[in-house]
Amino acid sequence: MKPIDPHKSSSEPVHLPDQAEQLNQMGNKMDRRTFIQKVMNGTIAGSLLLVFPLTAGTFVPEEEIPGVRDEPYDIFDQQFAFVVDITRCIGCGACCVADKREYNVPDGNYRTWVERYVKDLDDNIHVDSPNGGLDGYQTPRKDLDNRTRDTFFVPKLCNMCKEAPCVQVCPVGATFKTPDGFVLVDSTRCVGCAYCIQACPYSVRFINPRTRVVEKCTWCYHRVRKGLLPACVEVCPTGARKFGSLKDETSEVYKILRGEGVLTVLRREMGTWPGLYYKGARMEVI
Amino acid sequence: MPSNYGFRLIFVGVTILVMAGAGLFLKGFLIPDSFGRYGSYRADTIPEEASLPIKHATNSSCFSCHSYEAKIHKAGRHSTISCEFCHSTYADHIRDNKKFAALPVKKEGDITVLCLRCHNTEIKARSQEVIKTVAMPAHLADQNVKLTHNCNQCHHVHAPLKYIDRARKITGIMEKTL
């Protein structure tokens, strides 16, 4: 789907037959062939310039990811990245609440969640995530005998792998990677076999008990295509979650990914090449 | 009689053609149009997914009507907090550019619970560079207020130091509070 310039054909020299030249002299600006070409170009370009409705209304929030609303959106020339800065995460659970509200996620399932890692004085790691972090973390863990050396929070969400295991195993082509790098689920084709749930090394997928099809974090694809940040990034009070385009060299994620600092991905040894990066993550995080 | 060699050949040929036609028809019928445009999936899922309605808008969306709150919120320490985290989403409030439902406003003890989601020192993972934290009954005792006080009795929820800074200015006391 290459973007078509509606003005291109009119600027090219078009050989006009004699009759058409006469018509031109009589005042007609174009012959039938050029006219049809222009109409067709206009129709195709019009369908490419599809504007997705935002909220139910005409109010449009300002663009947060520069360049996405530029039209036409070239789906083959996009690269997005998600960065989670775990040194800034305070475990408030705002992202989890926003995610549940944005997608009406059923209770007990989580598109994103926040894990608490507790390291005791013997260097044992204890991980918990009561209700996925939806209620925040109000109290410290009391069920540990040993004293705590260190506590930190790790938000989890879809890793948007470049070599996604879930895409490889789907038998019906319901899970796929879009040309702009998002792993999405086609809910009309998914048969709910749950192979992808077993294949995902990050456990981000679940079967929605209402629709009986697989669901997962999409990095809020519907928001990104409207130039808005994902809902969890939108509500994060400390800037622990960052999202942006790598085609935009002024974006924060571009600077983080091309700059210095501790940056890692989860389960690198699995060769999934995640598009989700963790800043300041320690070796204990899996 | 037609049961000679030539007829059988034609019969087999016609049968193959009919079956192939039926197969092709069924294949075209069963496989969605956009399947295979970008890969082995239905490409129309992409615009379908992209056109889902959003629920969370941005803080500036809220501020476009709530200008009084905007002024306080932007000036305070809580300027990075999303309105929609505490008050629920834009889509629950506005439909067709009109308010159709009121959003909840947290009251009394709920406010303290909400504040302590972030500001609780007991959760050790909160670096002082990122957020100021308090240990709860101890903070009330330090400030010489009743232990039953809620956070919003001293702190403006949109700009936590608004009243405190004003009180400091009036009294001239610049001692450590928080």
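Each protein sequence line maps, in turn, to chains A and B. Each number in the numbering used here corresponds to the 1-based position in the first sequence with 17 added. Each number in the numbering used here corresponds to the 1-based position in the second sequence with 91 added. All residues carry an ideal CB built from backbone N, CA and C; glycine is no exception.
With DSSP as the reference, label residue i as helix, strand or coil.
| i | result |
| --- | --- |
| Pro188 of chain A | coil |
| Ala166 of chain B | helix |
| Leu100 of chain B | helix |
| Ser27 of chain A | Reliability fails at Ser27 of chain A, whose pLDDT of 43 lies under 50, so the model's placement of it is uncertain and the value that follows must be treated cautiously. In the structure shown, Ser27 of chain A sits in a helix (DSSP, three-state: H, G or I). |
| Pro218 of chain A | coil |
| Arg227 of chain A | coil |
| Ala226 of chain B | coil |
| Pro147 of chain A | helix |
| Asn211 of chain B | strand |
| Leu269 of chain B | Its pLDDT being 45, under 50, Leu269 of chain B is placed unreliably by the model, and nothing is read from it. |
| Pro123 of chain A | coil |
| Tyr134 of chain A | strand |
| Asp91 of chain A | coil |
| Lys173 of chain A | strand |
| Thr168 of chain A | strand |
| Asp256 of chain B | helix |
| Lys237 of chain B | coil |
| Ile261 of chain B | helix |
| Lys194 of chain A | strand |
| Val109 of chain B | helix |
| Val208 of chain A | coil |
| Leu201 of chain A | strand |
| Asp102 of chain A | strand |
Apply the 10 Å Cβ neighbour rule to residue i and answer buried if 16 or more other Cβ atoms are within range, or exposed otherwise.
| i | result |
| --- | --- |
| Lys233 of chain A | buried |
| Trp290 of chain A | exposed |
| Gly190 of chain A | buried |
| Arg275 of chain A | exposed |
| Gly127 of chain B | exposed |
| His240 of chain B | exposed |
| Tyr154 of chain A | buried |
| Asn150 of chain B | buried |
| Asn141 of chain A | exposed |
| Asp94 of chain A | exposed |
| Thr156 of chain A | exposed |
| Val196 of chain B | exposed |
| Asn261 of chain A | Residue identity check: residue 261 of chain A is Gly in the sequence provided, not Asn. Flag for Gly261 of chain A reads buried. |
| His32 of chain A | Here the model assigns His32 of chain A a pLDDT of 47, short of 50, so the residue's position is not dependable, and the following value carries that caveat. With fewer than 16 other Cβ atoms within 10 Å, it is exposed. |
| Tyr159 of chain B | exposed |
| Pro228 of chain B | exposed |
Return the CA-CA distance between residue i and residue j, expressed in angstroms with no decimal places.
| i | j | result |
| --- | --- | --- |
| Arg208 of chain B | Ile214 of chain A | 31 Å |
| Asp197 of chain A | Glu80 of chain A | 19 Å |
| Thr136 of chain B | Lys259 of chain A | 26 Å |
| Thr255 of chain A | Phe169 of chain A | 14 Å |
| Lys117 of chain A | Arg128 of chain A | 8 Å |
| Ile264 of chain B | Ile255 of chain B | 11 Å |
| Cys207 of chain A | Gly108 of chain A | 34 Å |
| Ala257 of chain A | Glu269 of chain A | 12 Å |
| Ile145 of chain B | Val85 of chain A | 16 Å |
| Gln42 of chain A | Arg50 of chain A | Per-residue confidence for Gln42 of chain A stands at a pLDDT of 48, beneath the threshold of 50, marking its modelled position as unreliable; the derived number appears in the next sentence. One C-alpha to the other measures close to 17 Å. |
| Cys253 of chain A | Pro172 of chain A | 11 Å |
| Leu252 of chain B | Phe193 of chain A | 49 Å |
| Cys113 of chain A | Pro123 of chain A | 12 Å |
| Ser173 of chain B | Glu251 of chain A | 7 Å |
| Tyr129 of chain B | Ile92 of chain A | 11 Å |
| Arg164 of chain A | Lys243 of chain A | 48 Å |
| Arg133 of chain B | Thr195 of chain A | 10 Å |
| Val131 of chain A | Cys106 of chain A | 9 Å |
| Asp102 of chain A | Arg257 of chain B | 35 Å |
| Ile202 of chain B | Asn243 of chain B | 7 Å |
| Gln96 of chain A | His164 of chain B | 34 Å |
| Gly288 of chain A | Cys217 of chain A | 12 Å |
| Gly167 of chain B | Asn225 of chain A | 40 Å |
| Gly150 of chain A | Phe191 of chain B | 30 Å |
| Glu277 of chain A | Lys264 of chain A | 19 Å |
| Ser155 of chain B | Thr281 of chain A | 39 Å |
| Lys223 of chain B | Arg227 of chain A | 41 Å |
| Phe116 of chain B | Val109 of chain B | 10 Å |
| Leu161 of chain A | Ile303 of chain A | 21 Å |
| Phe98 of chain B | Leu121 of chain B | 34 Å |
| Ser146 of chain A | Val135 of chain A | 11 Å |
Using a Cβ cut-off of 7 Å, pull out every chain E residue sitting near residue i, in sequence order please.
| i | result |
| --- | --- |
| Tyr129 of chain B | You won't find chain E in this structure, because its protein chains are A and B. |
Give the single residue among the options whose Cα lies nearest to the Cα of residue i.
| i | options | result |
| --- | --- | --- |
| Leu201 of chain A | A:Pro188, A:Leu293, A:Gly278 and A:Cys175 | A:Cys175 |
| His157 of chain B | B:Ile185, B:Arg168 and B:Lys146 | B:Ile185 |
| Leu143 of chain B | A:Arg240, A:Leu283 and A:Val270 | A:Arg240 |
| Tyr219 of chain A | A:Leu246, A:Val250, A:Met177 and A:Thr195 | A:Met177 |
| Ser125 of chain B | B:Met227, B:Glu139 and B:Gly200 | B:Glu139 |
| Glu199 of chain B | B:Lys189, B:Ile261, B:Cys245 and B:Thr262 | B:Cys245 |
| Ala141 of chain B | A:Thr235, A:Val282, A:Ala298 and A:Glu277 | A:Thr235 |
| Val100 of chain A | A:Leu246, A:Cys210, A:Met300 and A:Glu286 | A:Leu246 |
Segments of 4+ residues assigned as alpha helix (DSSP H) that fall wholly inside the region 123 to 208 of chain B: Here the runs fully enclosed are 136 to 141, 150 to 154, 158 to 166 and 174 to 178.
Completely contained alpha helix (DSSP H) runs for the region 252 to 296 of chain A, where each covers 4 or more residues: The alpha helix (DSSP H) runs lying completely inside the region 252 to 296 of chain A and spanning 4 residues or more are 269 to 275, given in chain order.
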